[in-house]
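Q: Sharing a structure with you now.
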Amino acid sequence: MGEFLKTLGGVALVSFLTSYSAVFAGKMEALKGSNWYLGALGSAFWASVPERVSVYNGAPSPYHYDYYSLTDNAGGAVGLTLGSEWRAHRYWVPTAALGLQYEHFFPSTIKGTITQYTLPQFANYSHSWETSADLLSLYTKLTLVAYHSLSPFINVGIGWAMNRTRATYETAFPGILARNSPGFGTHTQNDLAYNFGLGVDYALAKLWSVSLAYNYQYLGSFRSSNGVAGWSENYLHIKNYKINRLNAGITYHFG
Numbered sequence: 035m036g037e038f039l040k041t042l043g044g045v046a047l048v049s050f051l052t053s054y055s056a057v058f059a060g061k062m063e064a065l066k067g068s069n070w071y072l073g074a075l076g077s078a079f080w081a082s083v084p085e086r087v088s089v090y091n092g093a094p095s096p097y098h099y100d101y102y103s104l105t106d107n108a109g110g111a112v113g114l115t116l117g118s119e120w121r122a123h124r125y126w127v128p129t130a131a132l133g134l135q136y137e138h139f140f141p142s143t144i145k146g147t148i149t150q151y152t153l154p155q156f157a158n159y160s161h162s163w164e165t166s167a168d169l170l171s172l173y174t175k176l177t178l179v180a181y182h183s184l185s186p187f188i189n190v191g192i193g194w195a196m197n198r199t200r201a202t203y204e205t206a207f208p209g210i211l212a213r214n215s216p217g218f219g220t221h222t223q224n225d226l227a228y229n230f231g232l233g234v235d236y237a238l239a240k241l242w243s244v245s246l247a248y249n250y251q252y253l254g255s256f257r258s259s260n261g262v263a264g265w266s267e268n269y270l271h272i273k274n275y276k277i278n279r280l281n282a283g284i285t286y287h288f289g
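The opening residue of the sequence shown carries number 35 in my numbering; numbering runs sequentially from there.
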């Protein structure tokens with residue numbers, strides 16, 4: 035039910051953004067007209083993940099879970115945007131844009147400690163887990179005001195993320211006899227994603243501009259493949275992967 039509501043909400047938001055942008059663009063196009071634009075961006079991001087995830091280990095209750103602590107990780111991303119923008123001869127909200135945006139999030143590593151049987155004295159292993167993603171989204175942007183060469187804006191995007199994880203690696207601490215690894219492996223899954231943010235454009239020339247922006251990004255879920263042997267029905271799972279991003283971009287506005 036939760037997945038259905040999340041998908042339904044995403045469809046509703048896409049419909050709203052499309053309808054709003056079309057109506058708004060129609061009003062602006064009557065004033066000046068529209069043109070295409072092509073943008074490229076680079077991002078630094080800082081992820082926020084749960085403090086830990088639990089994995090069933092088959093032991094009797096209440097010792098039947100192992101805890102995997104998780105540390106927030108950081109990384110980078112690049113992207114391209116192609117779309118259309120509508121401009122008006124006015125001070126407030128002079129530009130609206132709608133386009134498709136593709137982004138690639140480079141691999142980053144989540145690290146932590148494995149505590150067996152939920153007992154602190156059994157914090158026996160360190161672990162590392164690599165994540166990456168590709169995102170395709172519908173992107174809309176509104177310029178709030180035009181002041182000389184500076185134009186602050188807000189932006190919203192919603193789309194579909196392809197979230198990937200690599201195999202989990204664990205290392206026994208000194209003095210600990212290494213166990214047979216659960217073997218949580220590579221996995222890819224798709225999920226609804228969205229972002230919103232604010233920034234500022236700076237006009238370099240008539241057809242070129244650069245931008246700096248902050249974005250909040252929700253990428254959905256990441257999970258490993260099922261384990262092996264006694265862990266064959268279990269996997270690692272981060273349900274809500276959220277990141278804070280700092281974006282720098284350059285855009286060419288077709289005349």
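Backbone N, C-alpha and C define an ideal beta-carbon position, used for all residues, glycine too.
Every value quoted in this text rests on a predicted model; they were computed, and no experiment measured them.
If we count the other Cβ atoms within 10 Å of its Cβ and call it buried at 16 or more, is residue 213 buried or exposed?
A: Residue mapping note: residue 213 aligns to position 179 of the sequence shown, counting from 1. Exposed, by the Cβ-count rule.
Q: Rounded to a whole number of angstroms, what is the C-alpha to C-alpha distance between residue 251 and residue 185?
A: One-based indexing of the sequence shown puts residue 251 at position 217. One-based indexing of the sequence shown puts residue 185 at position 151. Approximately 22 Å, taken between the alpha carbons.
Q: Distance check for residue 95 and residue 170, CA to CA, integer angstroms please.
A: Taking the first residue of the sequence shown as position 1, residue 170 is located at position 136. Taking the first residue of the sequence shown as position 1, residue 95 is located at position 61. Approximately 43 Å between the Cα atoms of the pair.
Q: Taking its Cβ as the centre, do 16 or more other Cβ atoms sit within 10 Å of residue 79, making it buried, or is it exposed?
A: Start at 1 with the first residue of the sequence shown, and residue 79 comes out as number 45. Residue 79 comes out buried.
Q: Give me the Cα-Cα distance between residue 271 and residue 114, rounded to the nearest whole angstrom.
A: On the sequence shown, residue 271 is found 237 positions in, with the first residue counted as 1. On the sequence shown, residue 114 is found 80 positions in, with the first residue counted as 1. Taking the straight line joining both Cα atoms gives about 29 Å.
Q: Could you give the distance in angstroms between the alpha-carbon of residue 238 and the alpha-carbon of residue 192?
A: Locating residue 238 in the sequence shown gives position 204, counting from the first residue. Locating residue 192 in the sequence shown gives position 158, counting from the first residue. Their Cα atoms are separated by approximately 29 Å.
Q: Counting only runs that start and end within the region 213-288, where is the beta strand (DSSP E) found for 3 or more residues in a row?
A: Listed in chain order, the complete beta strand (DSSP E) runs (minimum 3 residues) inside the region 213-288 are 221-237, 242-257 and 271-287.
Q: Can the beta-carbon of residue 110 be found closer than 8 Å to that of residue 282?
A: Locating residue 110 in the sequence shown gives position 76, where the first residue counts as 1. Locating residue 282 in the sequence shown gives position 248, where the first residue counts as 1. No, the Cβ-Cβ distance between residue 110 and residue 282 is not below 8 Å.
Q: Between the region 123-141 and the region 85-93, are three or more C-beta pairs nearer than 8 Å?
A: The region 123-141 vs the region 85-93: no contact.
Q: Rounded to whole angstroms, what is the Cα-Cα separation between residue 57 and residue 126?
A: Translated into the one-based positions of the sequence shown, residue 57 becomes position 23. Translated into the one-based positions of the sequence shown, residue 126 becomes position 92. Because residue 57 sits at a pLDDT of 40, beneath the cut-off of 50, its placement in the model cannot be relied upon, and the point is left open.
Q: For residue 96, which of helix, strand or coil comes out of DSSP?
A: The count along the sequence shown starts at 1 and reaches residue 96 at position 62. Coil, per DSSP.
Q: So the beta strand (DSSP E) residue 171 belongs to, where does it begin and stop?
A: As a first step, residue 171 must be located in the sequence shown, where it is residue number 137. Unbroken beta strand (DSSP E) run through residue 171: 157-179.
Q: Among the candidates 73, 162 and 261, whose CA atom is the shortest distance from the CA of residue 246?
A: Within the sequence shown, residue 246 is the residue found at index 212, counting from 1. When each option's Cα is compared against that of residue 246, the closest is 73.
Q: Going by DSSP, what residues sit across from residue 144 in a beta bridge?
A: For this step, residue 144 is matched to residue 110 along the sequence shown. Note: residue 144 sits in a beta bridge opposite 163.
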